[in-house]
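Protein chains in written order, with the numbering used here: chain A, 5 to 308; chain B, 14 to 328.
Built from N, CA and C at the ideal position, the CB exists for glycine as well.
Since the structure is predicted, the reported quantities are computational estimates derived from the model, not experimental observations.
For reference, the structure discussed in these notes is given below.
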Amino acid sequence: MIQHLLDGILVGSILSLGAIGLTMVMHILRFANFSHAELLSIGAYVALVFDKMFKVTMPLMANEIGPLSMTWALILSIIVSMVFTAASAVLFDRLVFRRVREKGEELSMVFASFGLSLIVRNLIGLIFGLSTKLYSKDIVFATVLSRDPLLVVKLDQLATFTITLVLMLVIHIVLSRTTFGYSLRAVGENPELAQVNGINLQRTLIVVWIIGGGLAAVAGVFYGLNNQINPMIGRDLVLPVFAATIVGGIGSVYGALLGGIIVGLASNLALSILPSGYSPSVPFIIILAVLLIRPNGLFGEARA
Amino acid sequence: MIGILSYIVFFTTVASILAIAVLGLNLQWGNTGLFNGGVVAFFGAGAYGTLLLGGTPQPDHIAGFELFYPIALIGGMAVAGILAWLVGILTLKMRHDYLAISTFGVAVAFENLMRNAEWLGGGAKGLRGFERPFRESLGDGFLYNLIFLIVVLLCLLGTYRFLETLVSSPFGRQLRAIREDEKAARSLGKSPARIRLTAFVTGSVIMGLAGGLYGTFYAFVSPQDVLPTLTFQIWAMLIVGGAGNNKGAVLGAFLIWAAWTFSGWALSRFAPVEAQLYTGSIQYVLIGLVIVTMLLWRPQGLLPERLVVSQSGLS
Chain A
5 MIQHLLDGIL VGSILSLGAI GLTMVMHILR FANFSHAELL SIGAYVALVF
55 DKMFKVTMPL MANEIGPLSM TWALILSIIV SMVFTAASAV LFDRLVFRRV
105 REKGEELSMV FASFGLSLIV RNLIGLIFGL STKLYSKDIV FATVLSRDPL
155 LVVKLDQLAT FTITLVLMLV IHIVLSRTTF GYSLRAVGEN PELAQVNGIN
205 LQRTLIVVWI IGGGLAAVAG VFYGLNNQIN PMIGRDLVLP VFAATIVGGI
255 GSVYGALLGG IIVGLASNLA LSILPSGYSP SVPFIIILAV LLIRPNGLFG
305 EARA
Chain B
14 MIGILSYIVF FTTVASILAI AVLGLNLQWG NTGLFNGGVV AFFGAGAYGT
64 LLLGGTPQPD HIAGFELFYP IALIGGMAVA GILAWLVGIL TLKMRHDYLA
114 ISTFGVAVAF ENLMRNAEWL GGGAKGLRGF ERPFRESLGD GFLYNLIFLI
164 VVLLCLLGTY RFLETLVSSP FGRQLRAIRE DEKAARSLGK SPARIRLTAF
214 VTGSVIMGLA GGLYGTFYAF VSPQDVLPTL TFQIWAMLIV GGAGNNKGAV
264 LGAFLIWAAW TFSGWALSRF APVEAQLYTG SIQYVLIGLV IVTMLLWRPQ
314 GLLPERLVVS QSGLS
């Protein structure tokens with residue numbers, strides 16, 4: 005039981021990272037972006053490529069950090085991958101979403117995001133192959149925290165969790181202490197009024213895509229590190245990440261943080277009552293439960 | 014010759030069944046502006062419902078009520094309708110992304126349930142034990158398929174007529190009024206939530222009809238038939254044909270199904286052997302490209318919606 009709780013929080017924090025960008029985009033552009041989870045996939049694969057490259061070109065970087073299976077090469081790759089993924093998020097907006105918006109077909113954005121996710125997911129499959137990949141082939145042993153009750157944790161998980169917490173803190177500071185944080189909230193509340201007050205909508209939007217893409221890259225790499233990398237990451241994570249945004253309330257960054265952890269916890273606890281074959285359905289059950297109990301989520305506001 | 018002819022019959026049957034589903038989506042998306050991300054769940058509910066109600070008893074799952082075929086088909090449509098009502102009642106009052114996400118989720122959960130619950134739908138092996146109706150008198154050959162095609166075409170025509178009448182009726186005007194300006198419609202005393210729910214359930218029942226016919230055609234349905242791919246195909250059909258236009262919906266269904274089967278055939282025929290594993294991926298990229306390019310290049314589709322101004326006092 006406590007083991008499930010622990011795993012749930014660790015997995016959930018990864019979902020939180022993925023959900024932050026999604027909830028911001030859904031708040032400002034008002035559409036369910038089904039291609040967001042593909043950014044996690046892009047992030048995982050870009051890091052895989054650069055990880056291999058750094059390990060070959062700089063053998064020193066291939067050393068593991070302390071007891072972790074993570075290497076300095078991977079840490080550096082994560083940073084490169086954040087840049088790449090953020091750039092692809094901006095590029096997708098330029099190529100697809102902005103054009104659809106400008107045509108006045110705002111409801112069609114959902115369709116466009118689905119089409120885009122099909123393209124991205126299957127291009128990844130065509131480029132990298134359909135088989136699963138790993139950052140490190142070494143077997144990682146779990147560390148026993150206590151024997152009664154038996155509690156084990158992988159040190160990698162703890163490291164990813166720590167980095168996730170640090171990133172969340174950074175996001176919190178940016179949102180609550182900077183001008184950008186204020187303008188972001190203003191745009192979310194009322195885009196027209198925000199523009200009247202001299203906020204550049206396009207620029208704010210680009211920053212939102214950059215933040216969303218960067219965090220999605222980290223989430224993708226951490227997911228790949230704790231599980232495995234395959235082209236279906238996006239397909240498998242799209243519903244859990246949406247569930248996290250709905251639990252937290254669409255538009256709420258703190259809601260997304262908490263929502264991710266709740267979805268992670270619920271999915272892990274569900275495994276102790278449901279057969280594991282049903283785990284893909286758990287996020288949907290969570291969404292239904294939220295819609296029944298608290299339709300606008302924990303921190304969301306009713307909005308037409 | 015008979016080979017080509019029977020292939021044409023086969024192709025037309027599947028395309029017409031899909032066209033019925035596209036018509037159902039057109040009522041939801043084209044006329045009412047409701048995004049259904051889980052078309053395949055309602056299609057699948059119709060297929061599973063029909064085969065469960067009309068099939069023969071099986072030892073390992075609950076199938077086999079051996080109902081008279083038309084009643085089984087109507088039962089399958091009812092299953093799709095109930096599922097739509099449940100999803101709709103929870104989500105239609107919220108902003109539209111909730112419907113998109115919930116319907117997408119319902120499709121994932123439906124496929125997941127059918128794959129795992131062996132007592133219900135036979136699990137991953139699929140649902141067996143269904144006999145195609147009138148098989149004793151018509152046999153399994155070309156004659157049967159030809160008569161089945163006629164039945165499917167009649168269903169397609171019936172659905173088309175029904176929707177054309179519905180859309181030009183006062184109810185159809187309400188749908189467009191809500192789609193265009195919900196507040197204005199409400200100020201005129203209309204109830205958007207109820208009208209949306211009616212349109213959503215009706216569209217899903219039509220998808221259930223398509224699913225029921227599909228299941229009957231193959232006398233078999235498995236989780237492989239209810240993958241999200243089908244949802245994407247049906248959307249592509251509607252977007253290419255023209256959302257809001259029933260003729261466009263049918264045209265899109267035939268065009269996209271022809272393109273899909275042709276690309277599948279061409280890839281399996283001409284692609285090198287080592288690339289065969291990836292034909293699925295290539296086809297998905299193509300369908301994604303079709304959706305995105307249509308939205309960018311011609312969002313109104315090949316046959317756009319004819320916008321009518323209804324004004325009282327004008328003849």
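- Judged by their CB atoms, A91/B and G224/B are not nearer to each other than the 8 Å cut-off.
- For E110/A, the three-state secondary structure derived from DSSP is helix.
- Counting only the Cα atoms, V114/A lies some 15 Å from E106/A.
- Counting C-beta pairs with one atom in each stretch, the segment 299-319 of chain B and the segment 147-164 of chain A have fewer than three that are closer than 8 Å, which means they do not touch.
- Not one beta carbon of chain B lies nearer than 8 Å to the beta carbon of S92/A.
- DSSP, read as helix, strand or coil, puts L275/A in coil.
- Taking C-beta separations shorter than 6 Å and ignoring five residues to either side along the sequence, the partners of L66/B in its chain run F78, L80, A85 and G88, following chain order.
- Taken in chain order, the complete alpha helix (DSSP H) segments of 4 or more residues contained in the segment 102-171 of chain A are 102-106 and 113-132.
- Interface with chain A (8 Å Cβ-Cβ cutoff): Y61/B is excluded.
- In this structure, the beta-carbon distance from E144/B to L240/B does not fall below 8 Å.
- Contact of I191/B with chain A is not assigned, every C-beta pair being separated by 8 Å or more.
- Residue-level contact check: K107/A touches chain B, since one or more beta carbons of chain B fall below 8 Å from its beta carbon.
- Among the residues of chain B, those whose CB is under 8 Å from the CB of V104/A are L308, L309 and P312, following chain order.
- DSSP places L151/B within a helical segment (H, G or I) once states are collapsed to three.
- When DSSP states are grouped into helix, strand and coil, I233/A belongs to the strand group.
- Where I291/A is concerned, the enclosing alpha helix (DSSP H) starts and stops at V286 to I297.
- With respect to S45/A, G238/A sits close: the two C-beta atoms are nearer than 8 Å.
- Distance from the CA atom of N49/B to the CA atom of I250/A, rounded to whole angstroms, is 18 Å.
- Listed in chain order, the positions of the segment 52-68 of chain A with a beta carbon within less than 8 Å of a beta carbon of chain B would be empty, since no residue qualifies.
- Minimum Cα-Cα distance from P70/B among the listed residues R141/B, T104/B, F213/B and S200/B corresponds to R141/B.
- Identification of chain B residues near M30/A by a Cβ-Cβ cut-off of 7 Å yields D110, ordered along the chain.
- Proximity of F101/A to chain B, defined by a Cβ-Cβ separation below 8 Å, is not satisfied.
- Separation of the CB atoms of N129/B and Y282/A is rounded to 6 Å, and the pair is thereby assigned contact status at 8 Å.
- F132/A and Q7/A have their C-alpha atoms spaced approximately 34 Å apart.
- T172/B carries a helical assignment under DSSP once its states are collapsed to helix, strand and coil.
- Annotation for E193/B: the continuous alpha helix (DSSP H) segment containing it runs P183 to E193.
- V121/B sits in a helix when the DSSP states are folded into three classes.
- Among the CB atoms of chain B, none fall inside 8 Å of the CB of L19/A.
- Within a 10 Å sphere around the beta-carbon of E42/A sit 16 or more other beta-carbons, which makes this residue buried.
- DSSP places Q246/B inside the alpha helix (DSSP H), whose first and last residues are P241 to G254.
- Interface residue (Cβ-Cβ distance to chain B less than 8 Å): V114/A is classified as such.
- Per DSSP, the continuous alpha helix (DSSP H) segment holding T27/A begins and ends at I6 to L33.
- Contact between I215/A and M30/A fails: their C-beta atoms lie close to 14 Å from each other, not under 8 Å.
- Membership of R209/B in the alpha helix (DSSP H) is indicated by the continuous run P205 to Y231.
- Q296/B is a Cβ neighbour of W273/B, given a cutoff of 8 Å.
- Only R125, N126, L127, G129, L130 and L134 from the segment 125-141 of chain A bring a Cβ to less than 8 Å from some Cβ of chain B.
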